[in-house]
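J.: Each residue of the sequence shown is one higher than the one before, counting from 7 in my numbering.
Glycine included, each C-beta is placed from N, C-alpha and C at the ideal position.
Remember, it's a predicted structure, so these values are computed and weren't measured experimentally.
Got a structure for you, questions after.
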Amino acid sequence: MWQGQRVSVVFPAYNEEAGIAAAVTDFWSVDAVDEVVVVDNNSRDGTARCAQAAGARVVQESRQGYGYALRRGMAEAQGEYVVLAEPDGTFMGKDVMKLLTYADDFDLVLGTRTTRELIWRGANMGWQLRWGNWVVAKLMQVLFGGPSLSDCGCTLRLIRRPAVQRLLPRLTVGGSHFLPEMVCLAMLHRQRLIEVPVNYRHRVGESKITGSMQTALRVGARMLVIIVRYRVFGR
Ligand SMILES: Nc1nc2c(ncn2[C@@H]2O[C@H](COP(=O)(O)OP(=O)(O)O)[C@@H](O)[C@H]2O)c(=O)[nH]1
Ligand SMILES: [Mg+2]
């Protein structure tokens, strides 16, 4: 609980057997956290079993994709505060407290992984990815007159329940370029946003998005298209 309200953590998971138990345990160990929801996205390994054994509530999402998994998680989460994260060892449970600290005053609290001091040795955040995330985030900031943004691809973020209710029916992206749609819609709907620096560590298990430069570039291009589309057409 945080200030008398429930806190949910949502993990989208596709073949994350290697790290999911440790991630669930790490986020559960944060006093404020009341539930951990793992959205199993057609995993073929022991993701669901390991998550359940570690104390998570597991829901199955059959539509394949990072965006579909996160949207399902937001719909399933019961808390007033909904924290999106990844069960791959890259994020730290203790950073949930940073997000909560700002949640009194903001509708969305976004993590940023581009703060050099918080990028751990071995983390997949070389200069190309760091720069790419920063440039796309700055474009969003400038086009929408938003707050300072420095990362367009950080899953770790908090959304308050009324913002979930407002944004969820409007979200359309099911794939890996999901996050900027959420931020564009939030800015169009005058939600209060802020970014806070979070730790970013070495990944456990296989990366499915930014592990390959080709995939990362393709996702980045899709992000740009969706940002410009929302700016021009508003939808
Ligand atoms: N790429 C991808 N990730 C998914 C999918 N469904 C759930 N996920 C989860 O979304 C998160 C992001 O993917 P990840 O491989 O960590 O990408 P990275 O952070 O760029 O290395 C992980 O927790 C995945 O398990 C899916 O269909 N595709
Ligand atoms: Mg990851």
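On the DSSP letters alone, give me the boundaries of the alpha helix (DSSP H) that Val225 sits inside.
T.: From DSSP, the alpha helix (DSSP H) with Val225 extends over 219-239.
J.: Helix, strand or coil, according to DSSP, for Trp140 in the structure here?
T.: Of the three classes helix, strand and coil, the one that applies to Trp140 here is helix, per DSSP.
J.: Identify, in the order they occur along the chain, each residue of the same chain with its Cβ nearer than 7 Å to the Cβ of Val170, setting aside the five sequence neighbours on each side.
T.: Within the same chain, Val170 has close Cβ partners Met80, Val88.
J.: My guess is that Glu187 and Leu199 are in contact by the Cβ rule of under 8 Å, so how many angstroms apart are they, rounded?
T.: No, Glu187 and Leu199 are not in contact; Cβ-Cβ is about 14 Å, not under 8 Å.
J.: In three-state DSSP terms, what is Ala19?
T.: DSSP places Ala19 in strand when its eight states are reduced to three.
J.: So, with DSSP's three-state summary, where would you put Trp4?
T.: Limits of the chain in this structure are 7 at one end and 241 at the other, which puts residue 4 out of reach.
J.: Mind listing, in chain order, the residues whose beta carbon lies closer than 5 Å to a non-hydrogen atom of ligand 1?
T.: Selection output, chain order preserved: Pro18, Ala19, Tyr20, Glu22, Asn47, Gln70, Gly71, Tyr72, Ala75, Glu92, Asp94, Ser213, Lys214, Ile215, Thr216.
J.: Going by C-alpha to C-alpha distance, which of Ser156, Ser14, Gly85, Val13 sits closest to Thr121?
T.: When each option's Cα is compared against that of Thr121, the closest is Ser156.
J.: Excluding the 5 residues preceding and the 5 following Gln66 in the sequence, name in chain order all residues of the same chain whose CB lies nearer than 6 Å to its CB.
T.: The residues are Asp46.
J.: Is it right to say Ala59 is buried, meaning 16 or more other beta carbons lie within 10 angstroms of its own, or is it exposed?
T.: Under this definition Ala59 is an exposed residue.
J.: What does Trp8 pair with, by DSSP beta-bridge criteria?
T.: Paired residue(s): Gln11.
J.: With C-beta atoms as the reference, is Leu164 less than 8 Å away from Ala109?
T.: In this structure, Ala109 lies closer than 8 Å to Leu164 by Cβ.
J.: Given a cut-off of 8 Å on the beta-carbon distance, is the pair Val16 and Ala83 in contact?
T.: Contact: yes.
J.: Once you ignore the five residues that flank Ile232 on each side, which residues in its own chain have a CB closer than 8 Å to its CB?
T.: The answer, listed in chain order, is Val179, His183, Pro186, Glu187, Cys190.
J.: Please find out if some non-hydrogen atom of ligand 2 comes closer than 7 Å to the beta-carbon of Thr178.
T.: Flag unset: Cβ of Thr178 not near ligand 2.
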